[in-house]
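A.B. asks: Counting from 1, position 216 in the sequence shown corresponds to residue 217 in this note's numbering; the numbering is continuous, with no gaps.
All C-beta atoms, glycine included, are put in the ideal place defined by N, C-alpha and C.
It should be emphasised that the depicted structure is a prediction, and the values quoted were computed from it without experimental measurement.
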Amino acid sequence: MVILGFESSCDETGVALVCTERGVLAHALHTQAAMHEAYGGVVPELASRDHIRRIVPLTRQALSDANLSLANIDAIAYTAGPGLAGALLVGAGTAQALAWSLGKPAIPVHHLEGHLLSPRLANPRPEFPFVALLVSGGHTQLMRVNGVGDYELLGETLDDAAGEAFDKTAKLLGLGYPGGPQLAALAQTGDETRFDLPRPLLHRSGFDFSFSGLKTAVLNQVQKACKAVGFDRADASVLDDQTRADLAAATQAAIVDILIAKSLASLDQTGLRRLVVAGGVGANRRLRQQLLKACDQRGAEVFFPPVELCTDNGAMIAYAAAERMNAGFCDLIEEQSHAFTVRPRWPLSELGSSSTDDLGRVSLT
Ligand code: KG4
Ligand code: ZN
Numbered sequence: 002m003v004i005l006g007f008e009s010s011c012d013e014t015g016v017a018l019v020c021t022e023r024g025v026l027a028h029a030l031h032t033q034a035a036m037h038e039a040y041g042g043v044v045p046e047l048a049s050r051d052h053i054r055r056i057v058p059l060t061r062q063a064l065s066d067a068n069l070s071l072a073n074i075d076a077i078a079y080t081a082g083p084g085l086a087g088a089l090l091v092g093a094g095t096a097q098a099l100a101w102s103l104g105k106p107a108i109p110v111h112h113l114e115g116h117l118l119s120p121r122l123a124n125p126r127p128e129f130p131f132v133a134l135l136v137s138g139g140h141t142q143l144m145r146v147n148g149v150g151d152y153e154l155l156g157e158t159l160d161d162a163a164g165e166a167f168d169k170t171a172k173l174l175g176l177g178y179p180g181g182p183q184l185a186a187l188a189q190t191g192d193e194t195r196f197d198l199p200r201p202l203l204h205r206s207g208f209d210f211s212f213s214g215l216k217t218a219v220l221n222q223v224q225k226a227c228k229a230v231g232f233d234r235a236d237a238s239v240l241d242d243q244t245r246a247d248l249a250a251a252t253q254a255a256i257v258d259i260l261i262a263k264s265l266a267s268l269d270q271t272g273l274r275r276l277v278v279a280g281g282v283g284a285n286r287r288l289r290q291q292l293l294k295a296c297d298q299r300g301a302e303v304f305f306p307p308v309e310l311c312t313d314n315g316a317m318i319a320y321a322a323a324e325r326m327n328a329g330f331c332d333l334i335e336e337q338s339h340a341f342t343v344r345p346r347w348p349l350s351e352l353g354s355s356s357t358d359d360l361g362r363v364s365l366t
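1) For the beta strand (DSSP E) containing Gln-97, list its first residue and its last residue.
2) Roughly how far, in whole angstroms, is the beta-carbon of Ser-119 from the beta-carbon of Tyr-320, given that I think they are within contact range, below 8 Å?
3) Thinking just about the alpha-carbon of each residue, which of Asp-151, Leu-273, Leu-184, Pro-130 is nearest to the one in Ser-350?
4) I think Val-25 touches Ala-17, with their Cβ atoms under 8 Å apart; what is that distance to the nearest whole Å?
5) Among Leu-220, Asp-332, Glu-309, Leu-176, which one has its Cα closest to the Cα of Ala-39?
6) Is Asp-313 near the ligand KG4, with its Cβ less than 6 Å from a heavy atom?
7) Sorry if obvious, but does the Cβ on Asp-258 come closer than 6 Å to a heavy atom of the ligand KG4?
8) Using DSSP bridges, identify the partner residues of Val-303.
9) If contact is defined by three or more beta carbon pairs under 8 Å, each pair taking one atom from either stretch, is the stretch 179–188 in contact with the stretch 231–240?
10) What separation, rounded to the nearest whole angstrom, lies between the Cα atoms of Glu-380 and Thr-60?
11) Pick out the complete beta strand (DSSP E) segments inside the stretch 137–202, 3 residues or longer, and give them in chain order.
12) What distance in whole Å lies between the Cβ atoms of Ile-56 and Phe-7, which are believed to be in contact at a cut-off of 8 Å?
13) Who does Ala-76 pair with in a DSSP beta bridge?
14) Below 7 Å between beta carbons: does that hold for Gly-42 and Ser-137?
15) Just to confirm, does Phe-305 get its C-beta within under 6 Å of one of the non-hydrogen atoms of the ligand KG4?
16) Could you give the DSSP three-state label for Glu-13: helix, strand or coil?
17) Going by DSSP, what residue range makes up the alpha helix (DSSP H) through Val-223?
18) Counting along the chain, where does the beta strand (DSSP E) carrying Thr-32 start and finish?
19) Measuring alpha carbon to alpha carbon, tell me which of Glu-309, Leu-276, Arg-299, Leu-352 ends up nearest Pro-130.
20) Can you round the beta-carbon distance between Ala-279 and His-116 to whole angstroms, since I take them to be within the 8 Å contact cut?
21) Helix, strand or coil for Cys-409, going by three-state DSSP, please let me know.
22) Indicate whether the contact test is met: 3 or more Cβ pairs, each with one atom in the stretch 140–156 and one in the stretch 294–308, closer than 8 Å.
23) In this structure, how does DSSP classify Ala-107 when only helix, strand and coil are distinguished?
24) With burial defined as no fewer than 16 other Cβ atoms inside 10 Å of the residue's Cβ, what is the status of Ser-367: buried or exposed?
25) Can you tell me which of the three DSSP states Ala-328 falls into?
26) What does the Cβ neighbour count give for Leu-159, buried or exposed, with the cut at 16 atoms within 10 Å?
27) If you measure from the CB of Ala-186, is any heavy atom of the ligand KG4 nearer than 6 Å?
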């Protein structure tokens, strides 16, 4: 079975073709990062308009890369939430229109379920149950995953998400958007021990995270370093490259330490020996290296999606739809009614065995 997947929840247009037997056949992506950079964050209206421009050419590209035509597609999956309403509607509307014209089912997918299951696209593939560390720009959660659609929240961030912490501190250091990859690159030449940053909630029991205090601590350090060179305002552009790199390294080390400590604690508490990392921050090299080492020392296994599938993409959406179909959670007759809605806010905990009910679909006919 070949599934076409659309992702358009935020600032990436992702289109992919996934075969239930052969895995990812093609995966085309356009990131809007450069367009939003001037504004320091995503502008929802610009995001929606760009998705409209990109989604059809990317679909053509994916089909051509996979050497397939629309006639070869058995189902179309799309991100139905959470995300930006207008952006979600582009993927949902395109998927439904195309599915209607082809007489195929259109399957709504929860964005975080896409991230959560995406490590199963890698080889070897993690079997259920496992602990999932979901670290994206909007979410930081530890979850016990018992099977498809069976997710138990162990802990989550009380304030900023890990990706947000990367992005906000990157902004403080004068780096562009999105800050995570740029801060990680700058950290490579830095000394993480020069600045002492807090690790909020590190030693508190439970699996909740907090990152907003870290951002304030970095701001204080920037302020101090600026004062030391005769500037009253916190403006990282007056600092030398080494100081900025040292601040980046200390920030990255603090975020990674917190993520690792809570992940290991949740493995201990659940008694599970498999950890899966998903979401954009899962692309972070230091996080990957240190988790591999820490899990190896404990006799636990850690799984990551392929790096290019850590950040938002269409393959994870098509794959999650495949897993849901395989688990018998898709009513393919209902999916052919082509009535749809999107859910900008949609807690993963509300995702049960039936996507149809959870979506509270309304008919647009
Ligand atoms: O999952 P994702 O692509 O989008 C959301 O669903 O939010 O995650 C994006 C987040 C951004 O905050 C970005 O800065 C972060 O992932 N990110 C990274 C890296 N690559 C992406 N953070 C740290 N290191 C990276 N290499
Ligand atoms: Zn995401």
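C.D. replies: Short version:
1) Taken as a continuous stretch (DSSP letters only), Gln-97 belongs to no beta strand (DSSP E), being part of the alpha helix (DSSP H) at 86–103.
2) 6 Å
3) Asp-151
4) 6 Å
5) If we check each option's Cα against that of Ala-39, Leu-176 comes out closest.
6) yes
7) No.
8) Under DSSP, Val-303 shares a beta bridge with Leu-276.
9) These segments do not touch.
10) With the chain covering only 2 through 366, there is no way to say anything about residue 380.
11) 141–148, 151–157
12) 7 Å
13) Ala-76 is bridged by DSSP to Ile-4.
14) no
15) Outside the cutoff, so no.
16) strand
17) 213–229
18) DSSP places Thr-32 in the uninterrupted beta strand (DSSP E) bounded by 24–32.
19) Leu-276
20) 4 Å
21) Given that the chain is displayed from residue 2 to residue 366, the structure contains no residue 409 and the question cannot be resolved.
22) At 8 Å Cβ cutoff, the stretches do not touch.
23) strand
24) Only positions 2 to 366 of the chain appear in the structure, and residue 367 is not among them; the question remains open.
25) coil
26) exposed
27) no
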